[in-house]
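Note sheet for the following structure.
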Amino acid sequence: MVDNFTPKKRTKNNESPLEDEQPNKKPKLEPTNSVENGEVDAPVWCLKKAQEEQPSRHCPYLDTIDRGVLDFDFEKLCSISLSHINVYACMVCGKYFQGRGTNTHAYTHSLDTDHRIFLNLATLKFYCLPDNYEVIDPSLDDIKYVLKPTYTPKHIKYIGQNTKMSRCWDGTLYYPGIIGLNNIKANDYTNVIFHAFSHVPPLRDYFLRESNYSHIKRPPGDKLALLPQRFGELIRKLWDPKAFKAHVSPHEMLQAVVLCSDKKFQIIRQGDANEFLMWFLNTLHMALNGTGKTSSSIVYQIFRGRMRQYMRKVLPVDASDESRRTLSETEEYREQVKELPFLSLALDLPPAPLYLDERMQNIIPQVPLAQLLTKFNGVTEKEYKTYKDNFIKRFELLHLPEYLIITYDRFHKNQWFIEKNPTIVNFPISNVDFYDSLAEDVRDKHKYTTYDLISNVVHDGKPQTQANKGDIAVDIGRYRVQLVHEGTSKWFELEDLHVKEILPQTITLAESYIQVEAALIAEPDNEELIKLKEDLNEIIILQQELVTNTPSEVLTTSSSSLSNKERLVWKVGDRCLATSKGGQKQVAVIDGISQDKVAITFANSGKKDMVRLSDLSIAPIEEKKKYIFQTGKQNAMKKEWHLERERRKVRAQKKEQRRKQMEEQKEVEKNKWKNFNARANAKNMKGLKHIEATGSAADGPKGQKGPPRGLSSLDVSSRRNTQAFGATSRGNMESLF
Numbered sequence: 221m222v223d224n225f226t227p228k229k230r231t232k233n234n235e236s237p238l239e240d241e242q243p244n245k246k247p248k249l250e251p252t253n254s255v256e257n258g259e260v261d262a263p264v265w266c267l268k269k270a271q272e273e274q275p276s277r278h279c280p281y282l283d284t285i286d287r288g289v290l291d292f293d294f295e296k297l298c299s300i301s302l303s304h305i306n307v308y309a310c311m312v313c314g315k316y317f318q319g320r321g322t323n324t325h326a327y328t329h330s331l332d333t334d335h336r337i338f339l340n341l342a343t344l345k346f347y348c349l350p351d352n353y354e355v356i357d358p359s360l361d362d363i364k365y366v367l368k369p370t371y372t373p374k375h376i377k378y379i380g381q382n383t384k385m386s387r388c389w390d391g392t393l394y395y396p397g398i399i400g401l402n403n404i405k406a407n408d409y410t411n412v413i414f415h416a417f418s419h420v421p422p423l424r425d426y427f428l429r430e431s432n433y434s435h436i437k438r439p440p441g442d443k444l445a446l447l448p449q450r451f452g453e454l455i456r457k458l459w460d461p462k463a464f465k466a467h468v469s470p471h472e473m474l475q476a477v478v479l480c481s482d483k484k485f486q487i488i489r490q491g492d493a494n495e496f497l498m499w500f501l502n503t504l505h506m507a508l509n510g511t512g513k514t515s516s517s518i519v520y521q522i523f524r525g526r527m528r529q530y531m532r533k534v535l536p537v538d539a540s541d542e543s544r545r546t547l548s549e550t551e552e553y554r555e556q557v558k559e560l561p562f563l564s565l566a567l568d569l570p571p572a573p574l575y576l577d578e579r580m581q582n583i584i585p586q587v588p589l590a591q592l593l594t595k596f597n598g599v600t601e602k603e604y605k606t607y608k609d610n611f612i613k614r615f616e617l618l619h620l621p622e623y624l625i626i627t628y629d630r631f632h633k634n635q636w637f638i639e640k641n642p643t644i645v646n647f648p649i650s651n652v653d654f655y656d657s658l659a660e661d662v663r664d665k666h667k668y669t670t671y672d673l674i675s676n677v678v679h680d681g682k683p684q685t686q687a688n689k690g691d692i693a694v695d696i697g698r699y700r701v702q703l704v705h706e707g708t709s710k711w712f713e714l715e716d717l718h719v720k721e722i723l724p725q726t727i728t729l730a731e732s733y734i735q736v737e738a739a740l741i742a743e744p745d746n747e748e749l750i751k752l753k754e755d756l757n758e759i760i761i762l763q764q765e766l767v768t769n770t771p772s773e774v775l776t777t778s779s780s781s782l783s784n785k786e787r788l789v790w791k792v793g794d795r796c797l798a799t800s801k802g803g804q805k806q807v808a809v810i811d812g813i814s815q816d817k818v819a820i821t822f823a824n825s826g827k828k829d830m831v832r833l834s835d836l837s838i839a840p841i842e843e844k845k846k847y848i849f850q851t852g853k854q855n856a857m858k859k860e861w862h863l864e865r866e867r868r869k870v871r872a873q874k875k876e877q878r879r880k881q882m883e884e885q886k887e888v889e890k891n892k893w894k895n896f897n898a899r900a901n902a903k904n905m906k907g908l909k910h911i912e913a914t915g916s917a918a919d920g921p922k923g924q925k926g927p928p929r930g931l932s933s934l935d936v937s938s939r940r941n942t943q944a945f946g947a948t949s950r951g952n953m954e955s956l957f
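When the letters of the sequence shown are read in order and numbered with the working numbering, they come out as residues 221 to 957.
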């Protein structure tokens, strides 16, 4: 083998001595092409030379790849050296190793365990070790797609409308986007927020394409650059239709959250989902080079709205009336108006009752969403206390975002622990109208006020610890999220790795904490709407053709009140105004037409009559009440629609008052019976009931004179003689009514 190598000779222009003439120096040998010489098993003397060889398309070790153990969700670092540089994944055991040279951990692993196929996690190239050649095979494309999913614009456009289920490597069926997130320790409060944002279509479509944010440059060493990159990877894995497993581990995303938040939000400690929501939105906006303008980032474009705040300082309680009037005119105590942006609407829940019910259990109150939204009607005032002064504020909305985030203020921190308000909020799942919360000067200008629920974050259990183990607090509460699948309109509940389908009616029964609402906006480019408009135009054209081609029985007459140019065309079934026998003009329907007379039927009385054709006139148009979705004049009909809704609210309130009055009367009657029974027990008369109503009742049964034995004439007697009743428990008392 050594004979095939020749020492390197010097040229004429080279003034250095010959390499073979230098003492104590070995000659540099170059390998010849051993394949041309017929020596296929020639050794590889240079690693760099081996890397330049032609990649192999026929690797004999492809059958050793085990796709069931591959997991690319964890952080890309070597399992031995913990290095992020030049990391390879073993396709047989799934572990990460650094490098592929002769002295690297991946090379050593291939020799020790006979695992041959490795994948470079950065370049997505496969290599066979220790032979160290690149493997090219189309059967490995599915592994590359799982490591780095890519989506075309056409796929992104219809990804939310998919109704087919995908099958992962172990045979589990799942909907893309409806898969569980692994709860590593106590990170369920972050998982629900990731799920909720992954189902906001504009935000999802933006992060499905890496080119939308990969060009954004941050200052050198800025750790915020990692947040949109990791969030985009998580979104692409959640919507992967070719995944090997029906769940995703957000390990890399959580590492970025811990790093960017300076360990404020951690994996091992339970946190508040609302606090994480606000931090994540603002930090993601800054990481995308967002500014104070709404159009500066995709986050503000989707979730940012504006409200108007009215604030005035509370007058001193001990001040006299004259001094209060004087202070109210000063600049300090005048009402100040300010416009503020918002990313979420915080709704205040009514305080929970302090006392237990009759069964010694906690009372869980219920409140409708419309009552909570009165906070933003511009009229309802609330006092806010600070360390120095107290202020009274009221709010009204100026602009509603395309996707509205609603949070409920459930947790209150006192001096000892955190309290949770268990109030249940009754809210509609679809067609939630925020028209009353808008300011009056912007109601007609706003394009949309109706929203549909797309995600609901629920908190279960207690918010604070019941016991402490050393310095580590034991958290009791947990989070889960309820999502709607856009393609099938089905609702799913996701709690860590558990995914189950639920009924929409059960959503309002949970303790909702965060909700994301999607606005119902008309789409001018919608293909279905365009097709419907074309069909309506064809129908109108056909009707016009039918009118022009009228039959011979349709006559044309000139009315005395019209000019010669204006003609009236009457036909059977038309509505008209005709003179009745009483001389009044009434609406009638044409039954038949002759040469000079018309048979009609009056609409109100139903009487039939014959009138002259010239006596007919046009009937007033019967206006049908149109709602906002039935007319193009939205601004004009909106007011009428909401006035009708207010009238219905007043009727419902009156009905509720009548019901409460009846319940109060019933409660009074029940108390009377209870008092009566108490007196009967005190007199040892349990089991007898007498009501003295008339003189004949005092004679007793069967003409008996005087009261029964043991009763005086002043006691109560009954018309039905003596009636027995049992114990006076609550269940038996109901039979008395």
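Glycine included, each C-beta is placed from N, C-alpha and C at the ideal position.
Neighbour-count burial assignment, residue i, 16 or more Cβ in a 10 Å radius
i, result
"Glu549", "exposed"
"Glu551", "exposed"
"Pro570", "exposed"
"Phe500", "buried"
"Ser515", "exposed"
"Thr410", "buried"
"Asn234", "Below a pLDDT of 50, predicted positions are generally treated as unreliable, and Asn234, at 42, falls in that range; the measurement from the model is reported next regardless. So Asn234 counts as exposed."
"Asp442", "exposed"
"Lys465", "buried"
"Ile305", "exposed"
"Gly512", "exposed"
"Tyr433", "buried"
"Lys228", "Bear in mind that a pLDDT of 45 at Lys228, under 50, signals an unreliable position, so the model cannot answer this."
Proximity winner among the options, relative to residue i (alpha-carbon distances)
i, options, result
"Phe562", "Arg524, Glu884, Ser540, Leu717", "Arg524"
"Phe637", "Gly826, Pro683, Gly707", "Pro683"
"Tyr365", "Leu479, Arg456, Val736, Asp629", "Arg456"
"Lys608", "Ser481, Asp672, Leu547, Pro536", "Pro536"
"Tyr604", "Ser540, Lys892, Val534, Arg526", "Val534"
"Tyr623", "Ala898, Asp664, Tyr668", "Tyr668"
"Glu559", "Leu565, Pro585, Ala566, Tyr530", "Tyr530"
"Pro648", "Pro585, Val412, Thr726, Glu295", "Thr726"
"Tyr733", "Asn494, Leu367, Val652", "Asn494"
"Gly793", "Lys801, Phe822, Ala738", "Phe822"
"Pro373", "Leu341, Glu430, Tyr394", "Glu430"
"Pro642", "Ala572, His505, Arg879, Asn306", "Ala572"
"Val289", "Asp755, Cys298, Lys315", "Lys315"
One or two residues paired with residue i in a DSSP bridge
i, result
"Ser837", "Leu797"
"Phe562", "Gly525"
"Pro588", "Asn646"
"Ala659", "For Ala659, which the question treats as bridged, DSSP gives no partner whatsoever."
"Asp680", "Arg698"
"Ile455", "DSSP, once it has assigned bridges, lists no residue as partnering Ile455."
"Ser963", "Residue 963 falls outside the range modelled here, since the chain spans only 221 to 957, and no answer is possible."
"Gly400", "His467"
Enclosing beta strand (DSSP E) for residue i [first to last residue]
i, result
"Ile813", "805-813"
"Ala507", "Per DSSP, Ala507 belongs to no beta strand (DSSP E); it is in the alpha helix (DSSP H), 493-507."
"Thr821", "817-822"
"Leu736", "Looking at the sequence shown, residue 736 is not Leu but Val. Val736 -> beta strand (DSSP E) spans 732-739."
"Arg545", "Careful: Arg545 lies outside any beta strand (DSSP E), inside the alpha helix (DSSP H) at 541-548."
"Asp629", "623-629"
"Lys828", "828-832"
"His619", "610-619"
"Ile638", "638-640"
Host alpha helix (DSSP H) of residue i (start-end)
i, result
"Tyr409", "408-418"
"Ser330", "325-333"
"Gln475", "471-480"
"Arg424", "421-428"
Neighbour flag for residue i against chain B, beta carbons, 9 Å
i, result
"Gly803", "Given the protein chain composition of this structure (a single chain), no chain B is represented."
Inspect the CB distances between the segment 406-416 and the segment 478-488 and report whether three or more fall short of 8 Å. yes
Are at least three pairs of beta-carbons, each pair with one atom in the segment 589-601 and one in the segment 652-663, less than 8 Å apart? yes
Below 8 Å, can you find three or more Cβ-Cβ pairs linking the segment 377-385 to the segment 710-720? Between the segment 377-385 and the segment 710-720 there are fewer than three C-beta pairs closer than 8 Å, too few to call the two in contact.
Tell me, please, whether the segment 355-364 touches the segment 413-429 by the rule of three or more beta-carbon pairs shorter than 8 Å. no
Stretch-stretch touch, CB-based, cutoff 8 Å, three pairs: the segment 826-841 with the segment 791-808: yes
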